[in-house]
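In the working numbering, the protein residues as written are 51 to 460. Glycine included, C-beta positions come from ideal geometry on N, C-alpha and C. The block underneath contains the structure these notes are about, expressed in C-alpha cells.
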Amino acid sequence: MRIGIFTDTYPPYINGVSTSIVMLKGALEKLGHQVFIVTVNNENMSYKYEKDVIRIPGIPIGIYDYRLTSIYPIRVINKIKNWNLDVIHSQTEFGIGTFARLFAKQLQIPLVHTYHTMYEDYVHYITKGYFNKEAKKIVEYLTKFYCDKTATELIVPTKKAYDLFKDKYKVDRNVYIIPTGIEVERFYREKFQKKEILNLRKQLSIHETDFVILFVGRLGKEKSVEVLIEGQKEIIKKHKNAKLMIVGDGPDMNYFKDLVSEYQLEKSVIFTGKVSYDKVPLYYQAANVFATASKTETQGLTVIEAMAASLPVIAIDDDSFRIAVVNNLNGYLFEDQLEYVKKVNYLIEHLEVRTSMSKQARISAEKHSSKFFAQSVLEVYQTAIDTSRDSKDKLVGTIEGVIKRGFYEK
51 MRIGIFTDTY
61 PPYINGVSTS
71 IVMLKGALEK
81 LGHQVFIVTV
91 NNENMSYKYE
101 KDVIRIPGIP
111 IGIYDYRLTS
121 IYPIRVINKI
131 KNWNLDVIHS
141 QTEFGIGTFA
151 RLFAKQLQIP
161 LVHTYHTMYE
171 DYVHYITKGY
181 FNKEAKKIVE
191 YLTKFYCDKT
201 ATELIVPTKK
211 AYDLFKDKYK
221 VDRNVYIIPT
231 GIEVERFYRE
241 KFQKKEILNL
251 RKQLSIHETD
261 FVILFVGRLG
271 KEKSVEVLIE
281 GQKEIIKKHK
291 NAKLMIVGDG
301 PDMNYFKDLV
311 SEYQLEKSVI
321 FTGKVSYDKV
331 PLYYQAANVF
341 ATASKTETQG
351 LTVIEAMAAS
361 LPVIAIDDDS
371 FRIAVVNNLN
381 GYLFEDQLEY
391 VKKVNYLIEH
401 LEVRTSMSKQ
411 ARISAEKHSS
421 KFFAQSVLEV
431 YQTAIDTSRD
441 SKDKLVGTIE
451 GVIKRGFYEK
C-alpha cells in the first residue's frame, strides 16, 4: 500500500502521538509498504519538503508546542496527489486533520482516523478557566463530527476511548480498539551496558543503594504528578534511600518544582528536564519501578515502555492502564495516594516480588510490539479500502440504473 499519515505532531517534537507514528511508519515499511507524512513545521513559518515528509507552517495555539495549520498551496496539494495514496490515516481532528479530510474527500481516498486525545481534559489551556462547560460541549460536538461523520473507519487505543464514543457520544459505527504499539526492543535491558546505566545514575546523584521511582511524561497539571510528589514525602519517612525521578518538561514544571521545595524534597526528587527521544530508554534502566497517577491518558505508552524495560508499574486505576497493567502480576493499580505509598513501600521491601513482576512486565510488553500493531492497523486500512470501493460500486450501480430507467421510459 501507499499510505499517507497526516499528523500535527512528529519529530523533532516528541510526545506519545509522534512516537507512535514514528514506530508505525517504521513497522509498515518493514512489512513492505510505502509511508508518507504530512505534518507541522515547528521550527519556522515555511514549507519544508523532505524525501517522504512535508512540513507545513502553523501558529501556536497555547497547548504545549502544538501548532494549527491553515493554508495549503497548490505545490503541496500537487505533491500529495503525486504520491498516489491508497489510504489516508489522520492522527488529529483539527489543523492537518482537517486537511486530511478535505483531501480524502476531493480525491475519493478512504480515510482512517485514530483518536488519541481526550480533549475535554485539555480545554482549560485555551479557556484559562472561563467557559469550561461551554468549551467542553463544543469539543464534544466537533470530536463526534470529525470522528463519526467524516472518517471511513475509526481507531481508538483503549476501551476508555471506545466507551467515550459508544456510551457518551452515542456513535453508531464500527470503532476498532487497537492499542498503540511501541518498538519494545529499544527498551530491553540487554541493550544497555551496566557501565552506562551506572554513569547516568552517577550524573543524577543517584547512589547504588537508592531505590528509584520513575515518571516519564509532559509536566502539566492534568498528569497529576503532585500525587507522586506528595507520596514521596511519606515514602522517605520509611525509606530514606527512595528517590523520585521525573523525566520530561512542560508548562507546569515550575509548579511541581515549587511543590518539591515546599515539602523540602529537593534531595529525594530529581527533575531531569527534557530528554531526547534516543536517550529516554536509558533513563528507564536507571529506575527500579515506574509510577503514574495521570487519568487523562487514552492509553499511556510510557507504561508499556516501562514494561519493555522490565520495570514493574504502579499506576492509578484507570481504563487507560488496565489494558496493560495486571494487578499483582506485572504491577499494581492504586485508588488513591495512600494506596500508592503502600504499594511502593511493599516493592521496596520485597525484592522477590519485584523480581517476579519485572519478568512478567517484560513478557506483557511483547503483545504491544510495533509489528503486531502495524498488522492490526493494516487490517483496518484494507477494510476502509473495501468499504470505499463498495460505496463507489453502489453509486455507479445507482447511476447506471437511473440511466437505464430513463432510457427505457423514453
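| Check | Outcome |
| --- | --- |
| Measure the CB-CB distance between TYR313 and LYS293 and report whether it falls below 9 Å. | no |
| So the alpha helix (DSSP H) GLY108 belongs to, where does it begin and stop? | GLY108 -> no alpha helix (DSSP H), and no H or E assigned at all. |
| Just confirm the distance between the C-beta atoms of GLY231 and SER420, as a whole number of angstroms; I'd bet it's less than 8 Å. | 5 Å |
| For GLN282, which of helix, strand or coil comes out of DSSP? | helix |
| Is ILE124 buried or exposed, if buried means 16 or more other CB atoms sit within 10 Å of its CB? | exposed |
| Could you check the C-alpha separation between GLU258 and ASN249 for me, to the nearest Å? | 11 Å |
| Please state if the CB of LEU379 and the CB of GLN410 are separated by a distance shorter than 9 Å. | yes |
| With DSSP collapsed to three states, give me the class of LEU309. | helix |
| Looking at the unbroken alpha helix (DSSP H) that takes in MET407, where does it start and where does it end? | 401-415 |
| Using only the alpha-carbon positions, how far apart do THR322 and GLU280 sit? | 18 Å |
| First and last residue of the alpha helix (DSSP H) that includes THR148? | 146-157 |
| Going straight from the alpha carbon of VAL246 to that of LYS317, what length do you get? | Strictly speaking, residue 246 in this sequence is Glu, with Val absent from that position. Distance between the alpha carbons of GLU246 and LYS317 is about 23 Å. |
| According to DSSP, LYS98 sits in a beta bridge with which residue or residues? | ARG105 |
| Within a Cβ cutoff of 6 Å, which residues of the same chain sit near PHE86, ignoring the five residues on either side of it in sequence? | GLY54, ASP102 and TRP133 |
| Checking 9 Å against the spacing of the C-beta atoms, do TYR226 and LEU204 come in under that value? | yes |
| Is VAL325 near the ligand FAD, in the sense that its beta carbon is under 8 Å from a heavy atom of that ligand? | Looking for the ligand FAD in the displayed structure turns up nothing, as the structure carries no ligands at all. |
| How big is the Cα-Cα spacing for VAL137 and ASP369? | 30 Å |
| Given a threshold of 16 other Cβ atoms within 10 Å of its Cβ, counted over all protein chains shown, does GLY350 qualify as buried or as exposed? | buried |
| In angstroms with no decimal places, state the Cα-to-Cα distance between PRO331 and GLY300. | 20 Å |
| In angstroms, rounded to a whole number, what distance separates the CA positions of VAL173 and ARG404? | Residue confidence is low: VAL173 scores 48 on pLDDT, short of 50, so the model does not pin down where it sits. Its coordinate-derived value is still stated next. Distance between the alpha carbons of VAL173 and ARG404: 39 Å. |
| Please classify MET95: is it buried, with 16 or more other beta-carbons within 10 angstroms of its beta-carbon, or exposed? | exposed |
| For GLN158, count the other beta carbons within 10 Å of its own beta carbon; 16 or more makes it buried, fewer makes it exposed. Which is it? | exposed |
| For TYR226, which three-state DSSP category applies? | strand |
| Quick check: PHE56 and HIS139, are their CB atoms within less than 9 Å of each other? | yes |
| Using the C-alpha atoms, what's the distance from ASN65 back to HIS418? | 18 Å |
| Can the beta-carbon of THR472 be found less than 9 Å from the beta-carbon of GLU143? | Given that the chain is displayed from residue 51 to residue 460, the structure contains no residue 472 and the question cannot be resolved. |
| I think ILE373 touches LYS209, with their Cβ atoms under 8 Å apart; what is that distance to the nearest whole Å? | 7 Å |
| DSSP state of GLY381, grouped into three classes? | strand |
| What does a CB cutoff of less than 8 Å around PHE306 pick up in its chain, not counting 5 residues either side in sequence? | LEU269, VAL275, GLU276, ILE279, ILE296 and PHE321 |
| Using 10 angstroms around the beta-carbon of HIS163, count the other beta-carbons present and answer buried if the total reaches 16, otherwise exposed. | buried |
| So PHE237 and ALA359 are supposed to be a Cβ contact under 8 Å. How far apart are they, rounded? | 4 Å |
| Which of the three DSSP states, helix, strand or coil, is assigned to HIS174? | For HIS174, the pLDDT reaches just 49, beneath the cut-off of 50, and the residue's location in the model is therefore unreliable, leaving the point undetermined. |
| How would you label PRO62, buried or exposed, when you count the other beta carbons within 10 angstroms and need 16 or more for buried? | exposed |
| Which of helix, strand or coil does DSSP assign to VAL88? | strand |
| Just checking my contact of VAL353 with ALA365 at CB under 8 Å: how many whole Å lie between their CB atoms? | 6 Å |
| Would you mind sorting LEU401 into buried or exposed? The rule is 16 or more other CB atoms within 10 Å of its CB. | exposed |
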